[in-house]
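K.L.:
Here's a structure for you.
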Amino acid sequence: MYPLRASYINGWLKYFGDYGAKLSEVRDLLIRDLQTTPNAEFPNFNGTVIFYTDYKSDYAIFAAIFIFVGFFVAEFTSIGFVFVLLKMLESRKESFSVMTYKLHRQLTVALGVQLLTPFLFIILPVTYGIIRTYWQDITAEQGRLIIDFIELYGASNSLVTLYFIKPYRTFLITKFKPILRLLTCGNYGNGSQEVVKIQPAETTLASEVINGDFNERKRSIIPVIK
């Protein structure tokens, strides 16, 4: 699947990228645009990555529509399937044990949360940035905030996995409890651990000896042997 996906993405980037400005033309285009803007600050080209695109061109608009419509359709379709799976799981609840049903439901909810993270941390911030760019009302602080949200996407996926998978969650709790006890001077993080005592099942012979029925059974067997 990876070669097909890579060819698909790179193909569209190549198609739309051919109509953008060449790297050698970026500096000249920026200088030309700044000359028409009063009191515009000339950017520092030394060690700075500069992205230039004509976002009002037909190709840029078509690319934005194609990408964002595809993202929104895929996102809402995937989340819709999660609700369908939860409904199907509820309808077949009686055919599962309590632990199996709980595990399936937990993993399905985790899948839904992971599908929601790209919408919250990528699609919404980028959409907000594009709208503010068209209005020419976006600031540098807002741009940095958008980048911060995008960078949180990977961390959010990891946190979802660590929370919903019980072995990971239990391991983290055991590691954070000493830190919590230290920070709160022992007021928190001292929860008692539950100890489950498992009694071995008694054999029939052992139970008969304890209950005094062994001698009676022995007397009933001896005449048969004779």
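Residue numbers (the UniProt record's numbering): 1 to 226. Cβ atoms here follow ideal geometry from the backbone N, Cα and C, with glycine treated the same way. Quick caveat, the model's predicted, so the values are computed rather than measured.
Can you name the start and end residues of the alpha helix (DSSP H) that ILE150 belongs to?
P.N.:
Taking the sequence shown and counting its residues from 1, the one referred to as residue 150 is at position 150. Per DSSP, ILE150 belongs to the alpha helix (DSSP H) from 140 to 164.
K.L.:
Are at least three pairs of beta-carbons, each pair with one atom in the stretch 115 to 129 and one in the stretch 71 to 87, less than 8 Å apart?
P.N.:
Output reads yes: the stretch 71 to 87 touches the stretch 115 to 129.
K.L.:
Could you give the first and the last residue of the continuous alpha helix (DSSP H) run that contains GLN136?
P.N.:
Mapped onto the sequence shown, residue 136 falls at position 136. Run containing GLN136: none; DSSP gives neither H nor E here.
K.L.:
Counting pairs of beta carbons, one from the stretch 99 to 114 and one from the stretch 61 to 69, are three or more of them closer than 8 Å?
P.N.:
As far as the Cβ criterion goes, the stretch 99 to 114 does not touch the stretch 61 to 69, which means the pair count is below three.
K.L.:
If you reduce the DSSP assignment to three classes, tell me which class PRO38 lands in.
P.N.:
Counting from one through the sequence shown, the residue named residue 38 turns up at place 38. DSSP places PRO38 in coil when its eight states are reduced to three.
K.L.:
Can you grab the Cα-Cα spacing for the pair ILE138 / ILE146, in whole Å?
P.N.:
Translated into positions along the sequence shown, residue 138 becomes position 138. Translated into positions along the sequence shown, residue 146 becomes position 146. Taking the straight line from one Cα to the other gives about 11 Å.
K.L.:
Whose C-beta lies closer than 8 Å to the C-beta of PHE72 among residues of the same chain, with five residues either side of it excluded?
P.N.:
The residue you call residue 72 lines up with position 72 of the sequence shown. If we look at PHE72 and ignore the five residues flanking it on each side, its Cβ neighbours are ILE123.
K.L.:
Can you tell me whether LEU113 is buried or exposed, with buried defined as 16 or more other CB within 10 angstroms of its CB?
P.N.:
The count along the sequence shown starts at 1 and reaches residue 113 at position 113. According to the sequence as given, residue 113 is Val; it is not Leu. With 16 or more Cβ atoms within 10 Å of its Cβ, VAL113 is classed as buried.
K.L.:
Could you name the residues of the same chain whose beta carbon sits closer than 6 Å to that of TYR134, not counting the 5 residues immediately before and after it, in chain order?
P.N.:
Residue 134 sits at position 134 when you count from the first residue of the sequence shown. Excluding residues within five positions, none has a Cβ falling inside 6 Å.
K.L.:
Express the C-alpha separation of LEU172 and LEU152 in angstroms, rounding to a whole number.
P.N.:
Along the sequence shown, read from residue 1 onward, the residue named residue 152 stands at position 152. Along the sequence shown, read from residue 1 onward, the residue named residue 172 stands at position 172. Going from the Cα of LEU152 to the Cα of LEU172 covers about 20 Å.
K.L.:
In terms of alpha-carbon separation, which member of THR184, LEU111, PHE68, PRO38 lies closest to TYR163?
P.N.:
Walking along the sequence shown from the start, residue 163 turns up at place 163. Of THR184, LEU111, PHE68, PRO38, the residue nearest in Cα terms is LEU111.
K.L.:
What is the DSSP secondary structure of GLY80, reduced to helix, strand or coil?
P.N.:
Here the question's residue 80 lines up with position 80 in the sequence shown. Helix.
K.L.:
Within a Cβ cutoff of 7 Å, which residues of the same chain sit near LYS93, ignoring the five residues on either side of it in sequence?
P.N.:
Start at 1 with the first residue of the sequence shown, and residue 93 comes out as number 93. These residues qualify, in order along the chain: TYR101.
K.L.:
With distance defined between alpha-carbon atoms, name the residue in THR127, LEU115, SER57 nearest to SER158.
P.N.:
Taking the first residue of the sequence shown as position 1, residue 158 is located at position 158. Measuring from the Cα of SER158, the nearest candidate turns out to be LEU115.
K.L.:
With a Cβ-Cβ cutoff of 7 Å, do PHE149 and PRO167 count as a contact?
P.N.:
Residue 149 sits at position 149 when you count from the first residue of the sequence shown. Residue 167 sits at position 167 when you count from the first residue of the sequence shown. Taking 7 Å as the Cβ cut-off, PHE149 and PRO167 do not qualify as a contacting pair.
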